[in-house]
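There are 4 protein chains.
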Amino acid sequence: MAGNTFGKIFQITTWGESHGTAVGAVVDGCPPGLPLTPADIQADLDRRRPGGGPASTPRKEPDQVEILSGTFEGLTTGTPISLVIFNRDAHSKSYDHLKDIYRPGHGDITYQQKYGRRDHRGGGRASARETAARVAAGAVAGCLLTTAGVRVQAYTVELGGVAAQQRNLAEISQNALFCPDNQAAAAMVARIDEVRRNHDTLGGVVEIRVSGCPAGLGEPVFDKLDAELARAMMSIGAVKGVEIGAGFAAARLTGSENNDPITPEGFTGNNSGGILAGISNGDEIIIRVAVKPIPSIAREQQTINRQGQPVTIKVGGRHDISAIPRIIPVCEAMARLVLADHLLRQRTLGPDPKLKRAPTP
Amino acid sequence: MAGNTFGKIFQITTWGESHGTAVGAVVDGCPPGLPLTPADIQADLDRRRPGGGPASTPRKEPDQVEILSGTFEGLTTGTPISLVIFNRDAHSKSYDHLKDIYRPGHGDITYQQKYGRRDHRGGGRASARETAARVAAGAVAGCLLTTAGVRVQAYTVELGGVAAQQRNLAEISQNALFCPDNQAAAAMVARIDEVRRNHDTLGGVVEIRVSGCPAGLGEPVFDKLDAELARAMMSIGAVKGVEIGAGFAAARLTGSENNDPITPEGFTGNNSGGILAGISNGDEIIIRVAVKPIPSIAREQQTINRQGQPVTIKVGGRHDISAIPRIIPVCEAMARLVLADHLLRQRTLGPDPKLKRAPTP
Amino acid sequence: MAGNTFGKIFQITTWGESHGTAVGAVVDGCPPGLPLTPADIQADLDRRRPGGGPASTPRKEPDQVEILSGTFEGLTTGTPISLVIFNRDAHSKSYDHLKDIYRPGHGDITYQQKYGRRDHRGGGRASARETAARVAAGAVAGCLLTTAGVRVQAYTVELGGVAAQQRNLAEISQNALFCPDNQAAAAMVARIDEVRRNHDTLGGVVEIRVSGCPAGLGEPVFDKLDAELARAMMSIGAVKGVEIGAGFAAARLTGSENNDPITPEGFTGNNSGGILAGISNGDEIIIRVAVKPIPSIAREQQTINRQGQPVTIKVGGRHDISAIPRIIPVCEAMARLVLADHLLRQRTLGPDPKLKRAPTP
Amino acid sequence: MAGNTFGKIFQITTWGESHGTAVGAVVDGCPPGLPLTPADIQADLDRRRPGGGPASTPRKEPDQVEILSGTFEGLTTGTPISLVIFNRDAHSKSYDHLKDIYRPGHGDITYQQKYGRRDHRGGGRASARETAARVAAGAVAGCLLTTAGVRVQAYTVELGGVAAQQRNLAEISQNALFCPDNQAAAAMVARIDEVRRNHDTLGGVVEIRVSGCPAGLGEPVFDKLDAELARAMMSIGAVKGVEIGAGFAAARLTGSENNDPITPEGFTGNNSGGILAGISNGDEIIIRVAVKPIPSIAREQQTINRQGQPVTIKVGGRHDISAIPRIIPVCEAMARLVLADHLLRQRTLGPDPKLKRAPTP
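Those protein sequences? They're chains L, W, S and Y, same order as listed.
Take the first sequence: its position 293, counted from the start at 1, is 293 in the UniProt record's numbering, and no numbers get skipped.
Take the second sequence: its position 345, counted from the start at 1, is 345 in the UniProt record's numbering, and no numbers get skipped.
Take the third sequence: its position 115, counted from the start at 1, is 115 in the UniProt record's numbering, and no numbers get skipped.
Take the fourth sequence: its position 118, counted from the start at 1, is 118 in the UniProt record's numbering, and no numbers get skipped.
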């Protein structure tokens with residue numbers, strides 16, 4: 001109810017502040033018998049970790065995950081899995097001058113408006129550091145999905161106005177921005193360098209692709225698969241837009257152009273993005289999210305302090321130029337959490353093998 | 001869990017099929033003492049009702065709402081409010097030829113995949129008729145929001161590729177497409193007529209604007225206000241994309257361009273769309289949704305039947321050319337449901353007047 | 001959240017007041033393909049219906065259930081099932097004199113305290129009439145349980161201080177009080193007649209027995225099967241106590257007396273009531289509930305009115321002498337709702353057939 | 001959904017196994033501004049801690065709680081509060097011989113039946129050690145209740161068949177069994193000593209008393225205050241029965257005896273236990289729970305192993321003679337969790353000050 005729990009069956013609750021003792025997640029509803037060790041989680045955390053890549057902050061966090069409960073002899077037991085990542089490189093003092101000032105584009109002012117108080121250090125709960133817990137929990141979801149043959153992959157398709165011209169998935173691992181177009185990736189890096197010199201920041205677009213997803217996932221009418229994916233993506237701090245399949249472009253097509261014809265071999269197009277009436281149709285699921293530029297810029301900005309007086313602010317600190325590519329494992333984690341949850345939901349809400357069944361296609 | 005309930009405190013559960021006996025909603029969690037009569041709901045239903053406007057179906061449904069419980073002497077009592085709308089003009093037989101055929105772009109195939117059976121008449125539960133229950137429940141939410149000074153208004157900003165060039169809210173009520181640009185509206189009508197002759201259909205973009213929303217609504221980190229709005233909008237059948245504030249355009253701005261400066265008088269821009277870190281900031285909330293073209297087209301399309309054999313289909317029936325403008329009250333209803341829920345959530349999750357408070361801005 | 005929804009997967013939402021238009025329930029999460037017609041529900045409603053038996057009110061309600069959605073061609077579709085029972089014999093005027101007076105032992109005063117207003121007619125939402133909706137929904141749960149071989153039966157084991165001396169289940173249908181001891185039942189009827197002449201009312205104890213329940217149902221640590229059954233039973237208006245298996249008697253046993261030994265053929269005792277550590281063990285589940293005497297008595301009682309002034313009250317109206325036996329189908333319904341929900345929960349939370357399994361006993 | 005979360009607004013999720021790394025709880029939905037330090041929690045944990053008292057195990061656990069998130073400068077921030085208690089004195093090896101044997105009266109067999117595997121060490125998740133997390137979370141709830149003037153106190157009213165003859169609350173702190181009757185407490189201790197020599201164990205009855213509870217808490221019809229309290233209590237491992245107010249005794253009273261008359265000064269009796277129609281009436285809330293004898297006894301018992309073969313077992317280990325008195329702070333914690341949750345629920349579901357109100361009594 002207070003917003004820190006996600007999912008209905010495969011359910012996670014996250015906690016922790018940027019400069020508190022630790023961040024973590026409790027995963028409840030994971031089926032028993034799933035092989036799970038810290039190493040299964042660490043790989044994803046390492047991709048999200050600060051300290052590497054052309055757009056990244058110099059804050060160094062090992063982001064070492066510990067599993068405090070829910071596994072026994074290397075397998076899940078069906079009881080809640082408690083994951084914790086202790087904060088190591090937290091320089092709280094460097095935020096002292098921001099104690100009473102609201103950084104533009106950040107949640108400083110809205111946390112104060114909502115709660116009447118806030119942990120100002122590094123953004124507190126509103127910090128992107130909170131997503132470490134999501135990534136850890138999402139990795140557990142990923143282990144479950146792997147047993148069902150479902151694969152989630154996110155990659156950069158636009159950054160600072162530079163758009164990928166192709167979707168060559170083989171190239172994703174060949175450049176630092178996880179872009180399926182090496183040439184575009186090079187132009188993106190150039191754009192980042194330019195903007196960094198300018199003390200400014202950049203946004204972009206990430207695409208998430210789900211392959212191997214069985215048909216039938218998603219619960220009409222409010223927990224449709226696309227609705228849940230949209231919520232999941234929009235719950236990531238920097239995301240300001242979500243589209244499925246053709247998305248906003250579909251608004252400009254006619255019905256005859258947009259409909260995906262059906263053949264005995266499957267759909268001959270995928271404007272639907274793999275989801276019809278909120279239910280997966282067995283095709284690839286395609287999601288795109290708009291990522292806003294990071295609001296922390298090393299330039300003078302106009303704002304107010306807690307007393308409501310006008311002040312100017314220049315946010316130094318240790319900040320990324322763009323949430324891309326560190327946001328990529330976060331997008332994957334959120335998609336995995338949605339899919340794992342709906343996979344388990346369909347096991348119990350789908351046709352009961354004991355009950356009378358119509359012949360299926 | 002099965003997807004027919006929306007909201008956590010102001011909570012609705014909808015039910016009903018297109019060609020069943022009725023559609024309806026149970027509203028639970030509405031505070032006691034709210035004035036509520038069927039007339040308060042009927043006005044919104046009349047705007048959603050089929051049978052009028054340039055893009056609409058000729059199916060005639062009075063869509064008369066009845067309140068079966070939860071009010072006494074014209075006021076809510078705090079107990080669940082049961083709303084029902086009986087179906088009158090249901091011609092089930094006209095769907096007999098579709099019993100075993102999957103219409104492209106519809107949920108026919110995915111309902112069969114998910115449930116192993118389906119009520120094929122008029123799309124069953126996947127029909128847009130289901131949204132009548134949302135609109136009825138949303139009207140109750142609207143009554144509650146009115147008491148708090150919150151106003152939700154949706155309107156057409158694009159249809160069939162024709163975009164509104166202005167946001168003159170006064171013009172919304174002056175044209176049949178509820179467009180804040182009368183001139184664009186005329187071009188949209190022309191586009192509809194052209195496409196209708198072509199036996200095709202159109203999509204577009206609807207913008208939703210919330211004014212008077214208090215700061216502090218939204219529950220980080222997963223029930224952020226923008227996340228919940230995105231889910232709400234994406235749960236509407238025809239919607240394929242959602243953006244908040246600058247949305248996808250924000251991905252192409254720099255941080256210095258995208259940040260909204262703060263002054264003692266308020267924000268001097270609204271790229272954030274009134275939401276920072278998932279919490280309303282007191283500014284207008286701006287949402288845009290991409291509406292796909294209606295998939296029912298009176299043209300031959302390639303598909304399969306339940307036996308998996310290739311067939312062609314031409315969907316006659318009584319269908320709209322575009323989900324716009326009938327989708328407008330549905331978008332409003334979903335926004336209202338989210339806001340009413342979060343208004344009540346903030347009452348209990350916000351600062352406790354009994355507890356020690358920091359001075360607020 | 002507002003308390004009118006029960007269950008997590010097999011989920012019901014009830015609505016309606018005693019003297020409103022109707023009472024009803026929406027059942028969400030029932031699997032597709034279950035045979036379901038009004039007749040499957042009506043039999044249980046008829047047992048709960050007022051107007052028969054030695055302890056009953058003369059109010060005549062046909063309690064005819066209608067299914068407004070969720071079935072197609074006699075089978076459930078997986079979409080929500082809307083059940084409605086219209087009120088027919090509501091004499092609201094006979095409650096006019098109670099408009100401003102709080103009947104002792106009733107919710108009149110607490111509804112006023114909680115909501116600041118109330119529908120006083122026949123107790124409004126607090127009326128036992130509300131349980132008609134539970135019984136209807138519970139009958140749907142019963143249909144599902146039947147397909148899984150689970151059977152729920154409740155019966156009277158004590159009334160007005162007269163206790164059954166045996167559990168001869170064959171005798172349950174042989175007396176008007178559904179007591180497994182015909183001789184005790186006769187004494188109970190005599191006690192009812194005596195008390196009726198005295199313008200007083202009686203309570204008793206109902207036992208609920210579940211046979212055929214598979215092992216493994218119940219979700220530790222808070223949604224244990226016994227915890228959920230306790231909540232379900234205690235949510236029935238007249239119930240003031242719940243015990244499982246040996247219950248309060250277990251508090252007086254030693255461990256060696258209370259433990260049920262395990263043999264290859266099963267447990268050799270059932271003090272646990274079929275539940276260990278909150279999980280069903282495959283044995284019969286045994287629950288007992290304490291039913292308080294009906295508070296509406298045709299005697300002068302001391303109370304206050306809404307202005308807080310002392311008044312005396314004599315409740316005439318059309319009232320039962322005891323909630324037993326009409327409460328029996330309500331107890332069965334609540335047990336069925338819990339079991340159906342946990343049956344579906346175990347389908348998704350139990351061991352995944354795809355995952356590595358330990359050999360089971 | 002998987003059962004490790006409790007509460008709707010004041011919501012806790014617990015995790016951890018008896019012989020795992022730690023046990024803990026995440027508290028979500030606690031209002032901002034509440035003073036909270038580890039010391040506020042430690043006192044309750046110390047009362048639950050093993051290693052003291054006449055009926056206790058010699059396992060020594062410091063049960064030191066750490067707050068990992070959700071507070072800042074000694075006050076809650078409105079974000080989730082993560083509590084952790086590391087396990088120190090876990091002798092896992094002493095359970096090796098129980099790896100494949102099901103202890104009678106324990107969840108060994110049902111965990112295996114449910115999950116297909118289990119952490120057998122010390123009962124794993126089914127261990128009473130899990131309640132440490134409940135007590136920690138309940139202490140946070142207690143801090144919130146204190147600000148609202150609500151006080152929860154539990155005490156022993158029966159042990160091993162010895163019943164307290166009075167409720168002298170002043171005597172509770174004067175004996176090791178927290179019994180409001182020093183003389184009875186002495187007899188209980190004698191009974192414990194006798195049974196210990198006999199290698200057996202004892203049960204008893206705990207009463208929980210809530211004073212200062214405002215009227216209006218509880219959400220009809222399923223989340224009634226008594227229903228939620230019953231679920232809360234029955235979710236404690238050893239509890240087999242729950243009653244409210246007169247409880248099972250009410251079943252033997254007539255209506256005229258059981259009804260609590262109302263006067264301008266309040267109720268003149270409290271058979272209702274402070275709850276009418278599921279809503280608190282402002283009077284003291286009285287709950288009693290039946291606690292079964294501890295199943296771990298140092299005597300030969302008949303059981304089976306995982307292969308289904310008959311074996312005998314003698315449970316040595318480090319075990320209590322009775323769950324009383326260590327269960328007392330657990331009962332208090334569960335009552336506090338229910339009350340804190342309903343206190344917050346009533347803030348948002350009660351009458352809206354902005355809406356039209358009827359005059360209240």
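No residue lacks a Cβ here, since even glycine has one placed at the ideal position from N, Cα and C.
As the structure is a prediction and not an experimental result, all values here were calculated from the model.
Out of the options, state which residue places its alpha-carbon closest to the alpha-carbon of residue i.
i: Lys-314 (chain S); options: S:Gly-308, S:Gln-307, S:Thr-303; result: S:Thr-303
i: Val-205 (chain W); options: W:Ile-109, W:Arg-326, W:Pro-35, W:Gly-212; result: W:Arg-326
i: Ser-322 (chain S); options: S:Pro-62, S:Asp-181, S:Ala-238; result: S:Ala-238
i: Thr-147 (chain L); options: L:Pro-104, L:Ala-249, L:Leu-344; result: L:Leu-344
i: Arg-129 (chain L); options: L:Gly-33, L:Ala-335, L:Ile-81, L:Ile-85; result: L:Ile-85
i: Val-289 (chain W); options: L:Arg-197, L:Ala-249, L:Leu-349, L:Glu-265; result: L:Ala-249
i: Arg-47 (chain Y); options: Y:Lys-354, Y:Cys-331, Y:Thr-348; result: Y:Cys-331
i: Glu-300 (chain W); options: L:Glu-257, L:Pro-295, L:Val-338, L:Ala-298; result: L:Glu-257
For residue i and chain L, any beta-carbon pair shorter than 9 Å?
i: Gln-346 (chain Y); result: no
List, in chain order, every chain L residue whose beta-carbon is nearer than 7 Å to that of residue i.
i: Glu-219 (chain W); result: Ala-2, Gly-3
Inspect the beta-carbon positions of residue i and residue j and report whether they are closer than 9 Å.
i: Arg-191 (chain L); j: Val-221 (chain L); result: no
i: Asn-259 (chain Y); j: Gly-269 (chain Y); result: yes
i: Val-210 (chain S); j: Val-152 (chain S); result: yes
i: Leu-45 (chain Y); j: Asp-63 (chain Y); result: yes
i: Met-334 (chain S); j: Ile-244 (chain Y); result: no
i: Ala-170 (chain Y); j: Ala-184 (chain Y); result: no
i: Thr-348 (chain S); j: Ile-9 (chain L); result: yes
Against chain Y, does residue i count as a neighbour if the rule is that its beta carbon must be under 9 Å from one of theirs?
i: Ile-9 (chain L); result: yes
i: Ala-22 (chain L); result: yes
i: Arg-129 (chain L); result: no
Note down, in chain order, every chain S residue with its Cβ under 8 Å from the Cβ of residue i.
i: residue 425 (chain Y); result: The displayed coordinates of chain Y run from 1 to 361. Any statement about residue 425 (chain Y) would go beyond what the structure contains.
Take the Cβ of residue i as the centre, count every other Cβ of all protein chains shown within 10 Å, and call the residue buried at 16 or more, exposed below.
i: Ala-43 (chain L); result: exposed
i: Arg-88 (chain W); result: exposed
i: Leu-36 (chain W); result: buried
i: Arg-197 (chain Y); result: exposed
i: Glu-73 (chain W); result: exposed
In chain Y, which residues lie less than 7 Å from residue i when you measure between Cβ atoms?
i: Val-26 (chain L); result: Thr-13, Trp-15, Val-26
For a contact defined as C-beta to C-beta under 9 Å, what are the partners of residue i on chain W?
i: Pro-351 (chain Y); result: Pro-31, Pro-32, Gly-33, Gly-78
Within 9 Å of any Cβ in chain S, is that where the Cβ of residue i sits?
i: Thr-37 (chain L); result: no
i: Pro-325 (chain Y); result: no
List the residues of chain W whose Cβ lies closer than 8 Å to the Cβ of residue i, in chain order.
i: Tyr-155 (chain S); result: Those within 8 Å of Tyr-155 (chain S) in chain W number zero; the least Cβ separation is about 32 Å.
Please confirm if residue i has its CB atom under 9 Å from at least one CB of chain W.
i: Gly-124 (chain S); result: yes
Can you name the residues of chain Y whose CB is closer than 8 Å to the CB of residue i?
i: Lys-224 (chain S); result: Gly-3, Met-234, Ser-235
Quick one: list the residues of chain S neighbouring residue i, beta-carbon separation under 9 Å, in chain order.
i: Thr-147 (chain L); result: Asp-352, Lys-354, Leu-355
i: Glu-332 (chain Y); result: Those do not exist, as Glu-332 (chain Y) stays about 16 Å from chain S at its closest Cβ, beyond 9 Å.
Output, in chain order, the set of chain S residues within a Cβ distance shorter than 7 Å of residue i.
i: Tyr-115 (chain W); result: Pro-32, Thr-77, Gly-78
The segment 178 to 205 of chain S: positions lying closer than 7 Å to chain C by Cβ: Of the protein chains in this structure, namely L, W, S and Y, none is chain C.
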